[in-house]
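Chemist:
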Amino acid sequence: MITPRFSCSQTEKSVTVSVYCPSVRASDVEINVDDTLFTLHITPYYLRLNFPHALQEDDEASAQYDPGSGFLDVILTKALPGQHFEDLDLLAKLLAPRLAEQPSQGPLIEVLGTQNAVEPAEDDLVTRTEGLSLEQQEILEAAANDWQLRQDVSEPLDTFKITPQERYGFLDMYTGYFQHIEHTPNEINELGAEVETCPPTERRKRRQQHEEERWDEEHYMADFADDEYIQELVRWTHPHAVPVADFQYTEAENMKMLQLPRKEYLATPYQTHQLYLTLLTLLFAYAYESRTTQLDPTPESGWTISSLVPAFSALDPPPYSPTSHLSPETFDLSEMAATFTVSYRRSLTFPLFRSWVLAERCRADVAAFLRAGRRSVVRCLLEIKDILDHHEVYYVYSKIWVDDFCVWVQSARYAQLADSVASLKMEKSYIDWNLEELERLTQEDLERSTDSDDESEDEVERMLPAPL
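Residue numbers (full-length UniProt numbering): 1 to 468.
(1) Quick check: what's the CA-CA separation for ASN254 versus LEU91?
(2) Give me the Cα-Cα distance between PHE284 and VAL342, rounded to the nearest whole angstrom.
(3) How is the beta strand (DSSP E) around THR39 delimited, first residue to last?
(4) Does the Cβ-Cβ distance between LEU417 and LEU370 come in under 7 Å?
(5) Let's see if you can read the secondary structure: which residues bound the alpha helix (DSSP H) around ASP66?
(6) Which same chain residues, not among the five before or five after GLN179, have their C-beta less than 8 Å away from its C-beta?
(7) Would a C-beta distance cut-off of 7 Å place PRO22 and GLY70 closer than the cut-off?
(8) In its own chain, which residues sit with a C-beta less than 7 Å from the C-beta of ILE181, not counting the 5 before and 5 after it?
(9) Mind checking which residues open and close the alpha helix (DSSP H) that includes VAL234?
(10) Using a Cβ cut-off of 7 Å (strictly closer), state whether THR292 contacts chain B.
(11) Taking DSSP's pairing of strands, which residues face PHE405 in a bridge?
(12) Is the beta carbon of ARG48 closer than 7 Å to that of THR39?
(13) Report all residues from its chain with a CB closer than 6 Å to the CB of residue 473; omit the five preceding and five following residues, and keep chain order.
(14) Taking TYR168 as the reference, which of THR201, GLU251 and ASN186 has the closest Cα?
(15) Find the nearest neighbour of THR442 within the set MET221, PRO310 and ASP246, judged by alpha-carbon distance.
(16) Whole-angstrom Cβ separation of PHE6 and SER18, contact assumed at under 8 Å?
(17) Helix, strand or coil for LEU352? Go by DSSP, reduced to three states.
(18) In chain order, what residues of the same chain have a beta carbon less than 7 Å from the beta carbon of THR278, not counting five sequence neighbours either side?
(19) Please confirm if the stretch 327-339 is in contact with the stretch 241-254, defined as three or more CB-CB distances below 8 Å between the two stretches.
(20) Using a 10 Å radius around the Cβ and a threshold of 16 neighbouring Cβ atoms, would you call HIS84 buried or exposed?
(21) Which residues in the same chain as THR349 place their Cβ atom closer than 7 Å to its Cβ, once the five residues preceding and following it in sequence are excluded?
(22) Count the other C-beta atoms from every protein chain shown that fall within 10 angstroms of the C-beta of VAL407, then say buried if there are 16 or more, exposed otherwise.
(23) Hey, could you find the ends of the alpha helix (DSSP H) TYR344 is sitting in?
(24) Can at least three beta-carbon pairs, one atom from the stretch 70-79 and one from the stretch 234-244, be found at a separation below 8 Å?
(25) Between which two residues does the alpha helix (DSSP H) harbouring residue 469 extend?
(26) Mapping DSSP to helix, strand and coil, what is SER154?
(27) Round the Cβ separation of GLY82 and GLU30 to the nearest angstrom and send it over; I've been treating them as touching at under 8 Å.
(28) Determine the contact status of TYR20 and PRO44, defining contact as a CB-CB distance below 7 Å.
(29) In the DSSP assignment, find the unbroken alpha helix (DSSP H) run with SER380 in it and report its ends.
(30) For my contact list, VAL377 and VAL421 are in at a C-beta cut-off of 8 Å; report their separation, rounded to the angstrom.
(31) Less than 7 Å between the C-beta atoms of TYR174 and VAL396, yes or no?
(32) Taking the alpha helix (DSSP H) that ASN254 falls in, what are its first and last residues?
(33) Count the other CB atoms within 10 Å of the CB of ILE384; is the residue buried (16 or more) or exposed (fewer)?
(34) What span of residues does the alpha helix (DSSP H) with TYR168 cover, start to end?
(35) Do you know offhand how far THR184's Cα is from ASP403's?
(36) Run through DSSP, which three-state label would VAL309 get?
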């Protein structure tokens, strides 16, 4: 079956689903509405949407097909008139299966008995307990008498690995994408040929070593001394950082969202916390690339983004410091600083423009993207995806990271994260490269050069003949 291209809109009383299904017979269409679930089938198309609120089939519901345009418009009545259906433009969210449809993993706790259970006859109980171990008999007696047995959480078992490959990517769901890395011109890979077998601790070690090796003091000092163009980049206003009252995705963006995976991510609170921090590194890389190109990507844009995201180049996502979060959406300043420190270091090491002021402006962009809302964040990620998908090598990072992020962020919440990013105060001492000393030396050299030029001009004036 083919998932058709579609869009959704709403009025006070109804929701309209506009489906593009050219060259079909309208008489063959099958439409079903079950509370929040809407399904449409017309060969060869099949569409199933999960709306946030209930719908109903009544006399006001209708469907109209236009053979000329190929669009089928289905008007569905809201169960509660006036209720607002949020996120109708987030197509991947509508396509995601309901949580109850996920395959059952089985109960984690087996109920052995309850107070209201019917007790078997004494003879039957004796028969049932024959052959039971002593421990099982104790459990049975405890259940019968409602004793409160001590329950201990068992220690997690050591991971049993049948393959030397390590997992990576979004929620560590992927492996095998770099099996032939030695035969591909992947310039941003910092793990070498061992990328598939390199454990997380070694990945971080190699990333840090690579950053130290590529750090260039002279390049940083040169950009600090001659920063006229960088200042122009800093003054540029990023259009995605400004909230839009009537936000609408473009047709190309809607098509990209229809191609996203249909998944429901069952992340633990700790994993969710990690994803928020990783999102910051993606948005920082996007802010740098889009600001330096002013939303006009170049052939180097894929390299720039991939180099700035440590989860791409070294498969090393945050956290980069011990976390002590109270909830998945609560962030302390130390882990926020550690996350942005890595992004700052990479922006001062790899790309063309290496400026602390530019890095600070990119962090401000990240806070603005988050405050603009999930639609702005989704748009930024879709642009990252478009850049990577058009690269013959770096498309792999779209597959193992960006595709899933584009789906996950449509249900994420950003208010606290945006406030934490905006209130963060980054210090140059966090970088460990003596930036303040390098800037001081550069400034002194500039002042000496200026004084020398002034003295040369004075000398020339003294050598000129006096005016008549």
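Ideal Cβ placement from N, Cα and C applies to all residues, glycine included.
Modeler: Judging by the given coordinates:
(1) Distance from the CA of ASN254 to the CA of LEU91, rounded to the nearest whole angstrom, comes to 7 Å.
(2) Straight across, the Cα-Cα distance linking PHE284 with VAL342 is about 11 Å.
(3) Taken as a continuous stretch (DSSP letters only), the beta strand (DSSP E) holding THR39 covers 37-42.
(4) Contact flag set, yes.
(5) No alpha helix (DSSP H) holds ASP66; the beta strand (DSSP E) holding it covers 62-66.
(6) GLU196.
(7) In contact: PRO22 and GLY70 (Cβ atoms closer than 7 Å).
(8) Answer for ILE181: ASN189, ALA193 and VAL195, listed in chain order.
(9) VAL234 -> alpha helix (DSSP H) spans 228-235.
(10) The chain inventory of the structure shown lacks chain B, comprising one protein chain alone.
(11) Listed as beta-bridge partners of PHE405 by DSSP are no residues whatsoever.
(12) The criterion of a C-beta distance shorter than 7 Å is satisfied by THR39 and ARG48.
(13) Since the first residue shown for the chain is 1 and the last is 468, residue 473 is missing from the structure and cannot be characterised.
(14) It is THR201 whose Cα lies nearest to the Cα of TYR168.
(15) Among MET221, PRO310 and ASP246, the Cα nearest to that of THR442 is on MET221.
(16) That pair is a contact at about 6 Å.
(17) Collapsing the DSSP output to three states places LEU352 in coil.
(18) So the qualifying residues of the chain are ALA311, PRO317 and PRO318.
(19) With the cut-off at 8 Å, the stretch 327-339 and the stretch 241-254 do not touch.
(20) Here HIS84 is exposed. Its C-beta has fewer than 16 other C-beta atoms within 10 Å.
(21) Apart from sequence neighbours up to five positions away, the residues of its chain that approach THR349 with a beta-carbon distance below 7 Å are GLU211, ARG214 and TRP215, ordered along the chain.
(22) Only buried fits VAL407, as 16 or more other CB atoms lie within 10 angstroms of its CB.
(23) Note, TYR344: alpha helix (DSSP H), 333-347.
(24) With the cut-off at 8 Å, the stretch 70-79 and the stretch 234-244 do not touch.
(25) There is no way to answer for residue 469, as the model of the chain reaches only from 1 to 468.
(26) Residue confidence is low: SER154 scores 42 on pLDDT, short of 50, so the model does not pin down where it sits. Its coordinate-derived value is still stated next. It is coil, neither helix nor strand.
(27) With a beta-carbon spacing of about 29 Å, GLY82 and GLU30 fall beyond the 8 Å limit used to define contacts.
(28) With contacts defined as CB atoms closer than 7 Å, TYR20 and PRO44 fail to qualify as a contacting pair.
(29) First, the amino acid is wrong: residue 380 is Cys here, not Ser. Segment 374-389, the alpha helix (DSSP H) holding CYS380.
(30) About 12 Å separates the Cβ atoms of VAL377 and VAL421, ruling out a contact at the 8 Å cut-off.
(31) Result no, Cβ atoms of TYR174 and VAL396 do not sit closer than 7 Å.
(32) Residues 251-258.
(33) Taking all protein chains in view, the Cβ of ILE384 is crowded by 16 or more other Cβ atoms within 10 Å, so the residue is classified as buried.
(34) DSSP places TYR168 in no alpha helix (DSSP H); its state is neither H nor E.
(35) Here the C-alpha atom of THR184 lies approximately 22 Å from the C-alpha atom of ASP403.
(36) The answer is coil: DSSP assigns VAL309 none of H, G, I, E or B.
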